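Residue numbers (the working numbering), protein chains in the order written: chain A, 242 to 350; chain B, 242 to 350. Glycine residues also receive a C-beta, built at the ideal position from the N, C-alpha and C atoms. Quick caveat, the model's predicted, so the values are computed rather than measured. Everything below concerns the one structure shown next.
2 protein chains.
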Amino acid sequence: MAILHARPGEVVDISPFADRLTSEKTTALFKSADLEVMRLVLPAGKSLPPHRVAGEITIQCLEGAMVLRVEGNEQTLHAGQLLYLRGGVVHSVHAIEDTSALVTVALVK
Amino acid sequence: MAILHARPGEVVDISPFADRLTSEKTTALFKSADLEVMRLVLPAGKSLPPHRVAGEITIQCLEGAMVLRVEGNEQTLHAGQLLYLRGGVVHSVHAIEDTSALVTVALVK
Numbered sequence: 242m243a244i245l246h247a248r249p250g251e252v253v254d255i256s257p258f259a260d261r262l263t264s265e266k267t268t269a270l271f272k273s274a275d276l277e278v279m280r281l282v283l284p285a286g287k288s289l290p291p292h293r294v295a296g297e298i299t300i301q302c303l304e305g306a307m308v309l310r311v312e313g314n315e316q317t318l319h320a321g322q323l324l325y326l327r328g329g330v331v332h333s334v335h336a337i338e339d340t341s342a343l344v345t346v347a348l349v350k
Numbered sequence: 242m243a244i245l246h247a248r249p250g251e252v253v254d255i256s257p258f259a260d261r262l263t264s265e266k267t268t269a270l271f272k273s274a275d276l277e278v279m280r281l282v283l284p285a286g287k288s289l290p291p292h293r294v295a296g297e298i299t300i301q302c303l304e305g306a307m308v309l310r311v312e313g314n315e316q317t318l319h320a321g322q323l324l325y326l327r328g329g330v331v332h333s334v335h336a337i338e339d340t341s342a343l344v345t346v347a348l349v350k
């Protein structure tokens, strides 16, 4: 995963990659005391296997569409949609279009 | 502030309000154990006075453009741009266009 590591107050562009998405990689935008934010890049047909994160997370679809499977329930997240998951919840992701998503993680002390 | 209170895993639409922005209000999308997420609505010319939040926050401009003043430094955040601030940092916001923004707050225990 590429690392950008923005500083506090630094403006980060998260507009859609569009045509250049397939040449982009998942990037850590920053990790600070309480929050970690990354931009997930998942070309159509690619998946993240089931995994869990200790803290709560939000997943915001920036472009494309992805299916989230959370504790056996599937739903599709399109561009302009957001959801959150409690910490420790097993989830997997499958991109049904070329997709990028903003993932915000609450860091558990 | 209107309260929506999404549940975990519930899909929330945060696409631009566009023409109906001026009839929308700032809304709390959810507040859970570690994170609070709200959608700030600020019509052109309106401001939030200097304030601070205990935990770290991200501010993502969903539409429009806003000037953030953070510890004496001003910068403009346009749609598709994001920044984060450390907890306790005094900041103010002034909308230079009809603006909505997603604000994610790390809840400090």
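I'd like to know if residue i contacts chain A, where contact means its C-beta is closer than 8 angstroms to some C-beta of that chain.
i      : result
V252/B : yes
L323/B : yes
L262/B : no
F271/B : yes
R327/B : yes
L318/B : yes
A274/B : yes
A437/B : Since the first residue of chain B shown is 242 and the last is 350, residue 437/B is not available in this structure.
Answer yes or no: does any C-beta atom of chain B fall closer than 8 angstroms to that of residue i?
i      : result
E338/A : no
E277/A : no
G394/A : Lying before the first or after the last residue shown, residue 394/A is absent from chain A, which here runs from 242 to 350.
V331/A : no
S256/A : yes
P249/A : yes
E297/A : yes
T267/A : no
V311/A : yes
Between which two residues does the beta strand (DSSP E) harbouring residue i extend?
i      : result
S341/A : T340 to A347
E304/B : I298 to E304
F271/A : T268 to K272
A336/A : H332 to A336
P290/A : S288 to H292
R280/B : L276 to L283
L318/A : N314 to H319
L324/B : Q322 to L326
Within this structure, are the beta carbons of residue i and residue j separated by less than 8 angstroms?
i      : j      : result
S341/A : V282/A : yes
E297/A : A259/B : no
E251/A : L324/B : yes
M279/A : A295/A : no
T299/A : L276/B : yes
L326/A : P249/B : yes
Short of 8 angstroms in beta carbon distance, which residues of its chain neighbour residue i, apart from the five on each side in sequence? Order them along the chain.
i      : result
P257/B : L303, E304, A320 and S341
P290/B : S333
V331/B : P291, H292, R293, V311 and E312
A306/B : T317, L318, H319, A320, A336, I337, E338 and T340
CB-CB under 6 angstroms to residue i, same chain, minus the five flanking residues each way: which ones, in chain order?
i      : result
A247/B : V253, L270 and F271
V346/A : E277, V294, G296 and I298
G329/B : R293
V349/A : A295 and G296
Take residue i and list the residues in its own chain whose beta-carbon comes closer than 7 angstroms to its own, dropping the five residues that flank it on each side.
i      : result
I255/B : R280, L303 and L343
Q301/A : L323, A342 and L343
Check whether the stretch 280-294 of chain A and the stretch 314-323 of chain A touch, using three or more Cβ-Cβ pairs below 8 angstroms as the test. Flag = no, the stretch 280-294 of chain A and the stretch 314-323 of chain A do not touch.
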